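J.:
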Ligand SMILES: Nc1nc2c(ncn2[C@@H]2O[C@H](COP(=O)(O)OP(=O)(O)OP(=O)(O)O)[C@@H](O)[C@H]2O)c(=O)[nH]1
Ligand SMILES: [Mg+2]
């Protein structure tokens with residue numbers, strides 16, 4: 534009713550304004566319609582304007598990190614350039630080491646965070662000892678299976694589907710199996726040996742029983758892994774001295790930390806020598822581990838002579854009647870003085886203080902670098918007397934076959950494997966356990 538009243542009033546007004554009387558109500562309706570439309574339009578425009586403004590604010594906020602990232606990238610580039618310049622300036626280092634270090638850097642860049650960030654994260658990122666010292670054997674085995682999960686699934690899944698797609702274990706099957714083994718980084722030589730051995734044993738395998746293939750392959754792999762590795766050397770007197778070497782980023786310091794904690798948990802007195810005086814914060818990284826293991830850390834100022842650190846560490850270990858001295862070393866040097874020469878010098882100094890030391894020269898290799906690990910091993914073997922291998926980061930690769938390649942092609946025992954970041958993830962290498970963890974339940 535109210536609306537009609539208003540409509541009549543509006544119509545009268547319009548008629549008064551000169552609209553013919555018979556068109557008054559229609560004109561009034563039209564005017565109302567027009568006003569409502571205009572009002573709606575106005576509201577829509579206001580809402581749209583508000584929306585645009587808030588988007589502007591958001592863009593301003595997000596502009597900040599974009600800028601920072603650009604700056605960081607620029608910084609990284611500058612650092613890389615500076616490094617390259619320093620590298621070209623130096624001529625003393627042997628070509629082989631340059632190649633090894635460069636290849637290592639490339640693979641680290643592919644698989645890990647860039648080294649620039651790594652240095653800053655030291656100390657905070659070292660994972661806590663995640664496991665109690667004693668663990669049930671069953672759970673240890675499960676942890677091993679977990680650590681090798683990537684390799685296991687790539688190897689076993691592909692072999693399963695290979696069995697599914699071939700009616701018989703013929704030449705074509707073996708060719709494809711060869712490819713699977715090479716992809717898992719068993720290496721050309723070991724792969725060919727394995728395939729040849731399998732060819733000779735095909736009649737033992739019933740195609741409808743995939744488990745039999747795994748049993749035979751497992752036995753052949755096991756035969757190429759060195760038997761139960763000897764215990765740590767047992768010096769007649771004084772501390773056991775372990776010198777840890779390897780190119781940058783492979784996991785030397787972390788391995789030393791875990792090892793120190795494990796020795797300490799066995800009731801052994803441990804001294805650590807911070808022989809990597811090149812990398813900023815390397816000694817701090819070792820100190821964090823030292824604290825965790827209750828081990829004394831001998832360190833000098835950054836940039837000082839690592840042989841002097843080795844000398845003081847040896848003295849301290851003897852004076853404190855320590856059971857174990859573990860020496861960290863640099864993976865590369867900023868002066869590009871021959872790294873191998875430095876390692877030799879450290880060996881000489883330690884041997885003078887503790888005759889026969891280092892009793893163990895442990896070469897740390899990063900499993901994620903694949904076949905490059907073999908090249909590194911050969912290079913170190915030529916110059917320092919490497920006596921054992923610690924193969925780290927097996928958990929981070931589907932190419933765990935590298936263990937077999939290393940064990941069968943190098944005349945060195947694989948003492949330790951790293952299957953994770955926790956203290957208990959550094960494990961004595963057990964060939965039977967390794968094969969079982971790869972193929973059990975299949
Ligand atoms: N996932 C995994 N990470 C590991 C393992 N071992 C070491 N790492 C990681 O590898 C990175 C490098 O380890 P470091 O101990 O600093 O290596 P480094 O050889 O001492 O390096 P430099 O001192 O630069 O020569 C760290 O982030 C470690 O946590 C392993 O078995 N598994
Ligand atoms: Mg280190």
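In our numbering, the protein residues as written are 534 to 975. Just so it is clear, CB atoms sit at the ideal spot from N, CA and C, and this is done for glycine as well. None of the values given here were measured: they were computed from a predicted structure.
#1: Which of the three DSSP states, helix, strand or coil, is assigned to residue 827?
#2: Give the range of the beta strand (DSSP E) segment to which residue 773 is assigned.
#3: CB-CB under 7 angstroms to residue 601, same chain, minus the five flanking residues each way: which ones, in chain order?
#4: Do residue 543 and residue 565 have their CB atoms nearer than 9 angstroms?
#5: Quick check on residue 960: does DSSP put it in helix, strand or coil?
#6: According to DSSP, simplified to helix, strand and coil, what is residue 948?
#7: Report the residue from 735, 959, 703 whose alpha carbon sits nearest the alpha carbon of residue 796.
#8: Would you mind sorting residue 824 into buried or exposed? The rule is 16 or more other CB atoms within 10 Å of its CB.
#9: Report all residues from its chain with a CB closer than 6 angstroms to the CB of residue 832; omit the five preceding and five following residues, and keep chain order.
#10: Mind checking whether the beta-carbon of residue 925 lies closer than 8 angstroms to any heavy atom of ligand 1?
#11: Terminal residues of the continuous alpha helix (DSSP H) containing residue 876?
#12: Quick one: give me the first and last residue of the alpha helix (DSSP H) that residue 793 is part of.
#13: On a CA-only basis, which of 776, 856, 895, 843 is nearest residue 828? Give me that one, please.
#14: For residue 742, which three-state DSSP category applies?
#15: If you draw a straight line from the alpha carbon of residue 891 to that of residue 925, how long is it in whole angstroms?
#16: On the DSSP bridge assignment, give the partners of residue 895 in chain order.
#17: Mark residue 785 as exposed unless 16 or more other C-beta atoms lie within 10 angstroms of its C-beta, in which case mark it buried.
#18: Please classify residue 976 as buried or exposed, where buried requires at least 16 other C-beta atoms within 10 Å of its C-beta.
#19: Please list, in chain order, all residues of the same chain as residue 886 whose beta carbon is under 6 angstroms from its beta carbon, the five residues on each side excluded.
#20: Thinking just about the alpha-carbon of each residue, which of 849, 751, 812, 780 is nearest to the one in residue 804?
#21: Using only the alpha-carbon positions, how far apart do residue 842 and residue 883 sit?
#22: So the alpha helix (DSSP H) residue 545 belongs to, where does it begin and stop?
#23: Taking only the alpha-carbon atoms, compute the straight-line gap between residue 876 and residue 917 and give it to the nearest angstrom.
#24: Would you decide whether residue 598 is buried or exposed? Buried here means 16 or more other CB atoms lie within 10 Å of its CB.
#25: Pull up the DSSP beta-bridge partners for residue 579, would you.
#26: What residue does the alpha helix (DSSP H) around residue 693 start on, and which one ends it?
#27: For ligand 2, any of its heavy atoms closer than 8 angstroms to the Cβ of residue 894?
#28: For residue 929, which residues from the same chain have a beta carbon less than 8 angstroms from its beta carbon, with the 5 sequence-adjacent residues on both sides left out?
T.: According to the structure data:
#1: coil
#2: 773-778
#3: Residue confidence is low: residue 601 scores 35 on pLDDT, short of 50, so the model does not pin down where it sits. Its coordinate-derived value is still stated next. So no residue of the chain qualifies.
#4: yes
#5: strand
#6: strand
#7: 959
#8: exposed
#9: 807, 816
#10: yes
#11: 872-886
#12: 785-798
#13: 856
#14: coil
#15: 21 angstroms
#16: 777, 921
#17: buried
#18: No answer is possible for residue 976: it lies beyond the span of the chain, which begins at 534 and ends at 975.
#19: 847
#20: 849
#21: 10 angstroms
#22: 535-549
#23: 7 angstroms
#24: Note on residue 598: pLDDT 34, under 50, position unreliable in the model; no value is reported.
#25: Per DSSP, none; premise fails for residue 579.
#26: 682-698
#27: no
#28: 644, 683, 900, 901
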